[in-house]
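Keeping their order, the protein sequence lines are chains G and B. Taking this note's numbering, I'd label the letters of the first sequence as residues 1 to 97. Taking this note's numbering, I'd label the letters of the second sequence as residues 98 to 768. Think of the CB as a built atom: it goes at the ideal place given N, C-alpha and C, for glycine as much as any other residue. Below is one structure, written out as C-alpha cells; the observations come after it.
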Amino acid sequence: MELAYALNKGAAGVRTEKESYDDSGVSKTLMDAEPGQTYIIKEIKTDDDDMNSFLFRLGCYEGEPITLISKKKKSCIVVIKDGRYNLDKLLSEAIII
Amino acid sequence: MRIAFAGNPNSGKTTMYNALTGRSEKIGNWGGVTVGSKEFQLKKEFAGDKEVIAVDLPGAYSMSPFTPEEGITSEYVRTANPDVIVNIVDATNLSRSLFFTTQLLELGIPVVVALNKTDINEKEGTKIDAAKLAARLNCPVYETVSTENKGLSEMIAKAISLAGTMQKAPYLQADIDLHDKNAVDAEDRKRYSFVNGIVSDVETRKTLSAETTQSDKLDGVLTNPIAGILIFAVVMWGVFWVSQTWLGPLVADWLVGWISAFQEWVAGQLENSPAILSALLADGIVGGVGAVVGFLPLVMVMYFLIALLEDCGYMARVSAVMDPIFKRVGLSGKSVIPVVIGTGCGIPAIMACRTIRDERERRATTMLTTFIPCGAKIPVIALFAGAFFNGAGWVSTLSYFLGLVLIFLGALLIKGITGYKYRKSFFIMELPKWKAPSLKFAFRSMMERAKAYIIKAATIILICNTVVQIMQTFDWHFNVVEEGAENTSILASIASPFAILLIPLGFGVWQLAAAAITGFIAKENVVGTLAVVYALTSFIDTEELAMTGGASTVAATMGLTSVTALAYLFFNLYTPPCFAAIGAMNSEMKSRGWLWGAIGLQLGTGYTIAFLINQLGTLFTEGHLAAGFVPGLIAVLCMAAALVLIARKVRAHFDEQYALHKGSKSVNATA
Numbered sequence: 001m002e003l004a005y006a007l008n009k010g011a012a013g014v015r016t017e018k019e020s021y022d023d024s025g026v027s028k029t030l031m032d033a034e035p036g037q038t039y040i041i042k043e044i045k046t047d048d049d050d051m052n053s054f055l056f057r058l059g060c061y062e063g064e065p066i067t068l069i070s071k072k073k074k075s076c077i078v079v080i081k082d083g084r085y086n087l088d089k090l091l092s093e094a095i096i097i
Numbered sequence: 098m099r100i101a102f103a104g105n106p107n108s109g110k111t112t113m114y115n116a117l118t119g120r121s122e123k124i125g126n127w128g129g130v131t132v133g134s135k136e137f138q139l140k141k142e143f144a145g146d147k148e149v150i151a152v153d154l155p156g157a158y159s160m161s162p163f164t165p166e167e168g169i170t171s172e173y174v175r176t177a178n179p180d181v182i183v184n185i186v187d188a189t190n191l192s193r194s195l196f197f198t199t200q201l202l203e204l205g206i207p208v209v210v211a212l213n214k215t216d217i218n219e220k221e222g223t224k225i226d227a228a229k230l231a232a233r234l235n236c237p238v239y240e241t242v243s244t245e246n247k248g249l250s251e252m253i254a255k256a257i258s259l260a261g262t263m264q265k266a267p268y269l270q271a272d273i274d275l276h277d278k279n280a281v282d283a284e285d286r287k288r289y290s291f292v293n294g295i296v297s298d299v300e301t302r303k304t305l306s307a308e309t310t311q312s313d314k315l316d317g318v319l320t321n322p323i324a325g326i327l328i329f330a331v332v333m334w335g336v337f338w339v340s341q342t343w344l345g346p347l348v349a350d351w352l353v354g355w356i357s358a359f360q361e362w363v364a365g366q367l368e369n370s371p372a373i374l375s376a377l378l379a380d381g382i383v384g385g386v387g388a389v390v391g392f393l394p395l396v397m398v399m400y401f402l403i404a405l406l407e408d409c410g411y412m413a414r415v416s417a418v419m420d421p422i423f424k425r426v427g428l429s430g431k432s433v434i435p436v437v438i439g440t441g442c443g444i445p446a447i448m449a450c451r452t453i454r455d456e457r458e459r460r461a462t463t464m465l466t467t468f469i470p471c472g473a474k475i476p477v478i479a480l481f482a483g484a485f486f487n488g489a490g491w492v493s494t495l496s497y498f499l500g501l502v503l504i505f506l507g508a509l510l511i512k513g514i515t516g517y518k519y520r521k522s523f524f525i526m527e528l529p530k531w532k533a534p535s536l537k538f539a540f541r542s543m544m545e546r547a548k549a550y551i552i553k554a555a556t557i558i559l560i561c562n563t564v565v566q567i568m569q570t571f572d573w574h575f576n577v578v579e580e581g582a583e584n585t586s587i588l589a590s591i592a593s594p595f596a597i598l599l600i601p602l603g604f605g606v607w608q609l610a611a612a613a614i615t616g617f618i619a620k621e622n623v624v625g626t627l628a629v630v631y632a633l634t635s636f637i638d639t640e641e642l643a644m645t646g647g648a649s650t651v652a653a654t655m656g657l658t659s660v661t662a663l664a665y666l667f668f669n670l671y672t673p674p675c676f677a678a679i680g681a682m683n684s685e686m687k688s689r690g691w692l693w694g695a696i697g698l699q700l701g702t703g704y705t706i707a708f709l710i711n712q713l714g715t716l717f718t719e720g721h722l723a724a725g726f727v728p729g730l731i732a733v734l735c736m737a738a739a740l741v742l743i744a745r746k747v748r749a750h751f752d753e754q755y756a757l758h759k760g761s762k763s764v765n766a767t768a
C-alpha cells in the first residue's frame with residue numbers, strides 16, 4: 001500500500017497553467033476531431049508521466065488508432081482498442097492526432 | 098491453497114468470486130467497484146476435499162499501479178505468493194486485457210485465463226479461438242460467463258490442479274534498467290505489439306468497436322450537460338420517492354403492526370413482574386429496537402433500487418456527466434460514485450474514494466461524502482417527517498438536496514483552503530456496455546443489507562437502548578428516579594451540559610442531546626433513544642403513527658415546533674457520521690490533520706445549519722429571534738475564524754511546498 005501511495009504522490013501533478021498549453025494551434029487535438037472518424041495518435045502531451053503510462057496501458061499511445069464517438073463542450077467519448085471512454089477537455093486536448 | 102483473481106477493472110472478477118464462494122460481495126457495472134482484497138473458501142462443489150481460498154482483488158490494467166486500489170493488486174500478486182492466479186479477461190476487450198495477462202504470466206505462478214463475458218461476444222458476433230489463444234499464451238484458457246455460472250467448474254478444477262507447477266512465460270521482458278523511462282517505454286511497446294499480434298491471430302469481429310451504435314446515442318443524451326443531469330436528478334428522486342414515500346412506508350406500516358403486537362405480548366407476559374423489568378424489556382428493548390426495525394423496509398427498498406442502478410452501467414455515465422460540475426468545486430466526476438453509494442452506507446462510500454487518483458480530491462471526497470444521508474439516517478428522517486410534517490415527502494427530498502449542496506459548498510471551502518488552482522486533474526472513465534440489471538443480485542444485495550441492519554439492531558442498538566434505559570431509570574446513587582424528578586437521572590446529568598450548547602439551535606433539552614450523542618454510535622440510535630427517553634415506544638404503536646397520523650403525540654411530547662424539529666433533524670444528518678464511518682475515514686485519509694479537519698467541518702456544518710434554520714425559521718414564523726441567538730452567533734463566528742486561521746496557515750506554506758514538490762504533505766500537517 002505504501003508503495004502505491006508513494007507512486008501516487010508524484011502523480012498529483014503540480015504545474016502552473018502556463019506550461020500546459022504551450023503548443024499553439026499547429027497540432028490538432030482530439031477536441032478538433034470529427035465525430036465518427038478514426039485518427040492515429042501522434043503524441044500524448046499530458047505533462048504527467050503516470051497519466052501517460054496509464055493511457056499507454058489502455059492502448060492509447062503514439063501510432064495507435066483512436067475513434068471519436070461524440071464530442072461536447074467539456075468532454076468527449078472515444079474508442080480506444082475495444083473500450084469506450086469518457087475523457088474530459090483537459091485530457092482530450094493532450095491527445096494530439 | 099490460495100487462488101488469486103486478477104484482471105482488468107469490470108471484467109467480472111467479483112461476480113465470479115461470488116459464484117465460486119457463495120459470498121455476496123458488492124458488484125456493479127463499472128470499473129473500480131472492488132477497492133480492497135477479499136478472501137473466502139471455495140464452495141465444496143468446486144474445491145472437493147481440498148481447502149482452497151479464493152482471493153478477490155481490485156481490477157488493474159497492469160502491474161504498475163495508477164490509483165491506490167490498483168496498487169493493492171500488483172502488490173498482492175508480487176509478494177503474497179498465491180498458488181495459482183486466475184486471470185479474468187474481458188472477452189469483449191481482449192486487445193487491452195492481454196497486456197496485463199502477459200505480465201502475470203511472467204511471475205512464474207501458474208495462470209489460468211478465464212475468458213469471461215463470452216455471452217456478449219456471441220451476441221455481437223465476435224469470435225475468439227480459445228485453443229489458439231491458449232497455445233499462444235502457454236496457459237489454459239476457459240470460456241466463462243460468471244453471471245450464469247458457465248464454465249466455472251472446469252476452469253477452477255484446472256486451476257486447482259495446476260498448483261505447485263511453474264508457469265513458462267510466452268513473453269519475457271528484456272533485462273532493462275527499470276529506472277530508465279525510455280527503456281521501460283520501449284519494452285512496454287514491444288509487449289503491446291506482441292499482444293496485438295496474438296489478438297489479430299485469434300479474434301474475428303463482426304461489429305467493429307469503433308462503429309456508432311444505439312447505446313452510443315443513449316450515452317450521448319445521458320452525458321449531455323443539461324439533459325444528463327436532469328435525468329440523474331429524476332432517477333435519484335425516483336429512488337427516494339419509491340423507497341421513502343411510496344413502497345417503503347407501505348411495507349413498513351404492515352411490519353410495524355407486527356412489532357407492536359409483539360411488544361404488547363411482551364408487556365402482557367411481564368404484567369406481574371417488577372415495573373422496572375417491564376419498562377426495561379417492553380419499553381426499552383423491544384420498543385427501542387422495534388422503533389428502529391420498523392423502518393427497515395424503507396432501507397431495503399432503497400438498497401434494491403440502488404443495486405439495480407449500479408448493475409446496469411448507469412454509474413459510469415453519471416460520473417461522466419457530473420465531472421465538469423464537480424471539477425468546478427475541486428472534486429472529480431469519480432466523486433459521484435461514493436456519493437451515490439453513500440445513500441446506502443457511508444463506509445463503502447468512503448472506501449470507494451480509493452479510485453480517485455489525486456490525493457487532495459480523494460481526501461476531500463472522503464471528507465464530504467457522508468453529508469448525503471445514509472440508510473441509517475432514513476429512520477430519523479422518516480420519524481421527523483412523520484411526526485412533525487405529516488409525512489411530507491419534501492422533508493426527505495430536502496435532506497438529500499441539502500446534503501448535496503453541502504458537499505458542493507464544503508468542496509469549495511476545501512478548494513479555497515488547499516489552493517486547488519495550482520493543480521490539474523484529468524478525468525477518464527470507461528463507459529461499460531449496458532446490461533439488463535439482475536433482479537437476483539439486487540435482491541441479494543437487499544437481503545444482505547437487511548441482515549446487517551437486523552444484526553445491528555439486535556446488538557449495538559439493543560445495547561445502547563438498554564444502557565440509555567438504565568441510565569435514565571437510576572440516579573447516581575442507584576436509586577430509582579422518582580416521577581417528576583427525571584432531571585436527576587444519570588442520563589440527564591451527563592447530557593445536560595451538552596444540551597446547553599444546543600440552546601441556540603432550539604433543542605437545548607437533555608433528552609434530545611442524549612439522542613444526538615447516541616447517534617454517533619449509530620444513527621438509528623437517535624430514533625431508539627428518543628423512543629426510550631420520552632417513553633414514546635408508542636410512536637411506532639398504531640400502524641399509522643410513525644408515518645402519518647397520531648404523530649401529534651410525538652410532537653407534543655418532544656416539545657419541538659416544526660422549525661426546531663427541522664433544525665434537530667438536520668443537526669443529526671450533517672454532524673459527523675457514526676464512529677464506524679469516522680474509522681473508515683481515518684484509514685482512508687491516512688492523515689490526522691485531514692481527519693480532524695473532517696470532523697471539525699462536519700460538526701461546524703451541522704451546528705451552523707441547525708442554528709440558521711432555528712433562528713431564521715423562528716424569526717419568520719414568530720417574528721422574533723429564538724433563544725440564545727447571541728451565544729450561538731458567537732459560536733458560529735468562532736468557527737468561521739478558526740477556518741480563516743487554518744486557511745492562512747496552510748496558504749503560508751504554499752510557496753515552499755511547491756518549490757520542494759512535496760505534494761500535499763504540508764497541507765495535511767496543518768489542516
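With a threshold of 8 Å between beta carbons, is residue i in contact with chain G?
i: residue 190 of chain B; result: yes
i: residue 215 of chain B; result: no
i: residue 767 of chain B; result: Low per-residue confidence applies at residue 767 of chain B: pLDDT is 37, beneath 50, and the placement is therefore not dependable, though the value from the model is reported in the following sentence. No, residue 767 of chain B does not count as interfacial toward chain G.
i: residue 417 of chain B; result: yes
i: residue 277 of chain B; result: no
i: residue 285 of chain B; result: yes
So with CB distances below 7 Å, who are the chain B contacts of residue i?
i: residue 67 of chain G; result: 307
Leaving out the 5 sequence neighbours to the left and right, which residues in its chain are closer than 7 Å to residue i when beta-carbon positions are compared?
i: residue 238 of chain B; result: 210, 212, 227, 230, 231
i: residue 769 of chain B; result: Coverage of chain B is limited to positions 98 through 768, which leaves residue 769 of chain B absent and any answer about it impossible.
i: residue 117 of chain B; result: 139, 140, 143, 151, 249, 253
i: residue 200 of chain B; result: 159, 160
i: residue 234 of chain B; result: 198, 202, 210, 267
Buried or exposed: where does residue i fall if 16 or more other Cβ atoms within 10 Å of its Cβ makes it buried?
i: residue 493 of chain B; result: buried
i: residue 717 of chain B; result: exposed
i: residue 663 of chain B; result: buried
i: residue 340 of chain B; result: buried
i: residue 728 of chain B; result: exposed
i: residue 27 of chain G; result: exposed
i: residue 23 of chain G; result: Interpretation of residue 23 of chain G is limited by its pLDDT of 45, a score under 50 that renders its predicted location unreliable; the figure taken from the coordinates is listed afterwards. It is exposed - the Cβ of residue 23 of chain G has fewer than 16 other Cβ atoms within 10 Å.
Less than 6 Å between C-beta atoms, sequence neighbours within five positions excluded: which residues of the same chain meet that for residue i?
i: residue 390 of chain B; result: 554
i: residue 383 of chain B; result: 360, 363
i: residue 631 of chain B; result: 654
i: residue 742 of chain B; result: none
i: residue 419 of chain B; result: 430, 433
i: residue 377 of chain B; result: 566
i: residue 260 of chain B; result: 98, 180, 181
i: residue 299 of chain B; result: 225, 226, 229, 230
i: residue 638 of chain B; result: Unreliable placement is indicated for residue 638 of chain B, whose pLDDT of 37 sits below 50; no coordinate value is reported for it.
The ligand FAD and residue i: does any heavy atom of the ligand fall closer than 7 Å to the residue's C-beta?
i: residue 250 of chain B; result: With respect to small molecules bound, the structure shown includes none, and the ligand FAD cannot be examined in it.
Measure from the C-beta of residue i to each C-beta in chain B and report whether the shortest distance is under 8 Å.
i: residue 30 of chain G; result: no
i: residue 27 of chain G; result: no
i: residue 81 of chain G; result: yes
For residue i, which residues in chain G fall below 7 Å Cβ to Cβ?
i: residue 528 of chain B; result: 77, 84, 85, 86
i: residue 523 of chain B; result: 46, 51, 88, 90, 91
i: residue 196 of chain B; result: 57
Which residues share a DSSP beta bridge with residue i?
i: residue 84 of chain G; result: G:79
i: residue 697 of chain B; result: According to DSSP, residue 697 of chain B bridges with nothing at all.
Less than 8 Å between C-beta atoms, sequence neighbours within five positions excluded: which residues of the same chain meet that for residue i?
i: residue 242 of chain B; result: 213, 214, 215, 216, 248
i: residue 414 of chain B; result: 316, 319, 320, 325, 528
i: residue 110 of chain B; result: 102, 103, 104, 131, 153, 154, 156, 185
Mind listing the chain G neighbours of residue i? Cutoff is C-beta to C-beta under 9 Å, in chain order.
i: residue 320 of chain B; result: 70, 72, 75, 77, 86
i: residue 317 of chain B; result: 69, 70, 72, 77
Using a C-beta to C-beta distance shorter than 8 Å, which residues of chain G count as neighbours of residue i?
i: residue 158 of chain B; result: 54, 57, 58
i: residue 153 of chain B; result: Correct list: empty, because the minimum Cβ distance to chain G is about 17 Å.
i: residue 291 of chain B; result: Residues of chain G passing the Cβ test: none, with the nearest at roughly 13 Å.
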